[in-house]
Amino acid sequence: MPSTAPAAPAASGAPAVDGEQARDLTLLYRGPLASCDYDCPYCPFAKRHDSPRQLRADRAALERFTAWAAGRAGTGDTLSLLFTPWGEGLVRSWYRRALVELSLLPHVRRVAIQTNLSCRTDWLAGADLGTLALWVTYHPGQVPYDRFLAKCRDLDALGVRYSVGVVGQPEHLAEARRLRAALAPDVYLWINAAEGRSYTDAEAALWTALDPHFGYSRHAHPSAGLPCRTGESVLSVDGDGTVRRCHFVRDALGNLYDGSYRAQLRPRTCPLPVCDCHIGYVHLETLPLYELFGAGVLERVPEVPRANER
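In terms of the numbering used here, the sequence shown opens at residue 1 and continues consecutively.
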């Protein structure tokens, strides 16, 4: 798979055309979409059926965000974008279109989305695959194994950069082993610790045999008072443009569309006692995960392909 993206984002000191400091910004976007075509019993997020009105609102919010990102061309800003919808985005045409359009913008370093890969894959042929990447989760019991693996084969044939993950439920272990054996050797298989589950050392060893980095997910990370990139170079954006430092700290820093967030960008420490979600703790400066993932921070692809030694 191609690995042409630049190194992980960092603040830039160059002046922007509007007189403000140019920034390398990582934005985690989550609009109002909540409907999903899967119904995983271990999912910690409540799903709902989105009405046509709610879907129109989500589409309008996403198109506004995409237009804002396109409008940063020529300002000196560079953007890395991760879509983290509550529901499944890629079954909606506006998410597929947004990813393609954003991947073609020269000031977008990376655009990625969390997905169950239940969508078709032919739309990816129109994207810049040096920029677009996928964070894929396999949900045993929600999709036939052969169908899911065929989608991964499609991604391989297209040259899409992606990772695949499984939630570390005991009943998923056999399927995870089967998938690891079938995936291309350079595709990273990650394991997420199941919500609220503790693992004995023996249990953890079984998952670590599949994902050598499972230890980062196994335990929550103490974070209170520790430096984190969120709030300075990494931000969370809601559908209405409200900017927060991350999905887990609810204090607003301003709004994306009126630019009020920019005056709030500065180094910060974490106000929460622990961080137990990868999209949060990956940005803690006390963990070596930017070094581990490098240009693959957003799509969860380690910099070194041999992360899946078998």
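Every residue gets a Cβ at the ideal spot worked out from N, C-alpha and C, and that includes glycine.
Using CA coordinates, which residue listed in the options is at the minimum distance from residue i?
| i | options | result |
| --- | --- | --- |
| ALA204 | GLY168, ARG180, CYS228 | GLY168 |
| GLY215 | LEU102, CYS228, TYR199 | TYR199 |
| GLU20 | VAL243, GLY259, GLU63 | GLY259 |
| ARG97 | LEU132, ARG53, CYS36 | LEU132 |
| ALA22 | ARG266, ARG300, ASP77 | ASP77 |
| ALA181 | ALA157, PRO267, ALA295, LEU149 | LEU149 |
| HIS172 | TRP207, TYR257, ASP146, ALA157 | TRP207 |
| PRO271 | ARG153, ALA224, TYR145 | ALA224 |
| TYR95 | ASP201, GLU195, TYR281, LEU55 | LEU55 |
| ARG393 | ALA70, GLY294, ALA34 | Any answer about residue 393 is impossible in this case: the structure gives the chain only from 1 up to 310. |
| VAL249 | TYR257, THR269, LEU256 | THR269 |
| LYS151 | ALA127, PRO170, GLY126, LEU117 | LEU117 |
| ASP276 | ALA127, ALA69, GLY196, ARG147 | GLY196 |
| HIS213 | CYS228, PHE293, ALA202 | PHE293 |
| SER217 | GLY280, ALA127, CYS36, THR75 | GLY280 |
Are residue i and residue j touching if we call contact CB-CB under 8 angstroms?
| i | j | result |
| --- | --- | --- |
| GLU299 | SER163 | yes |
| GLY87 | LEU129 | no |
| TRP135 | THR121 | no |
| ARG262 | ASP251 | no |
| HIS278 | THR84 | no |
| ALA57 | PRO32 | yes |
| LEU124 | VAL111 | no |
| ALA184 | ASP156 | yes |
| ARG266 | GLU232 | yes |
| VAL143 | CYS119 | no |
| HIS283 | THR230 | yes |
| HIS107 | ARG64 | no |
| SER161 | VAL301 | Strictly speaking, residue 161 in this sequence is Arg, with Ser absent from that position. In this structure, VAL301 lies closer than 8 angstroms to ARG161 by Cβ. |
| VAL166 | ALA176 | yes |
If I'm right that residue i touches residue j with Cβ under 8 angstroms, what's the distance once you round it to whole angstroms?
| i | j | result |
| --- | --- | --- |
| ALA193 | VAL274 | Between VAL274 and ALA193 the Cβ distance is about 13 angstroms, and since that is not below 8 angstroms, they are no contact. |
| ASP240 | ALA61 | 7 angstroms |
| ILE113 | GLY89 | 6 angstroms |
| LEU226 | THR286 | 5 angstroms |
| TYR138 | ARG178 | About 10 angstroms; that fails the 8 angstroms criterion. |
| LEU253 | GLN264 | 4 angstroms |
Could you tell me whether any Cβ in chain C is nearer than 8 angstroms to the Cβ of residue i?
| i | result |
| --- | --- |
| PHE65 | Included in the structure is just one protein chain, with no chain C present. |
**Request:** Please determine if the segment 229-243 and the segment 179-190 are in contact, where contact requires at least 3 C-beta pairs separated by less than 8 angstroms.
**Result:** Not touching, per the Cβ criterion.
**Message:** Across the segment 96-109 and the segment 47-60, are there enough close Cβ pairs to call them in contact, namely three or more that are closer than 8 angstroms?
**Reply:** Judged by Cβ distances under 8 angstroms, the segment 96-109 makes no contact with the segment 47-60, as fewer than three pairs qualify.
**Request:** Mind the definition here: the segment 25-37 touches the segment 78-97 only if three or more C-beta pairs lie below 8 angstroms; say whether that holds.
**Result:** Segment contact: the segment 25-37 against the segment 78-97, three or more CB-CB distances shorter than 8 angstroms; contact assigned.
**Message:** Ignoring anything shorter than 4 residues, give me the alpha helix (DSSP H) runs that lie fully in the segment 202-263, in order along the chain.
**Reply:** Entirely contained in the segment 202-263, the alpha helix (DSSP H) runs reaching 4 residues are, in chain order, 214-218.
**Request:** Please go through the segment 70-112 and give each complete beta strand (DSSP E) segment of 3 or more residues, from N-terminal end onward.
**Result:** When DSSP assignments are scanned along the segment 70-112, the uninterrupted stretches of beta strand (DSSP E) that are 3 or more residues long and fall wholly within it turn out to be 78-83.
**Message:** Which runs of the alpha helix (DSSP H) at least 4 residues long sit entirely within the segment 262-294? Give them in chain order.
**Reply:** Within the segment 262-294, complete alpha helix (DSSP H) segments of at least 4 residues are found at 278-281, 289-293, given in chain order.
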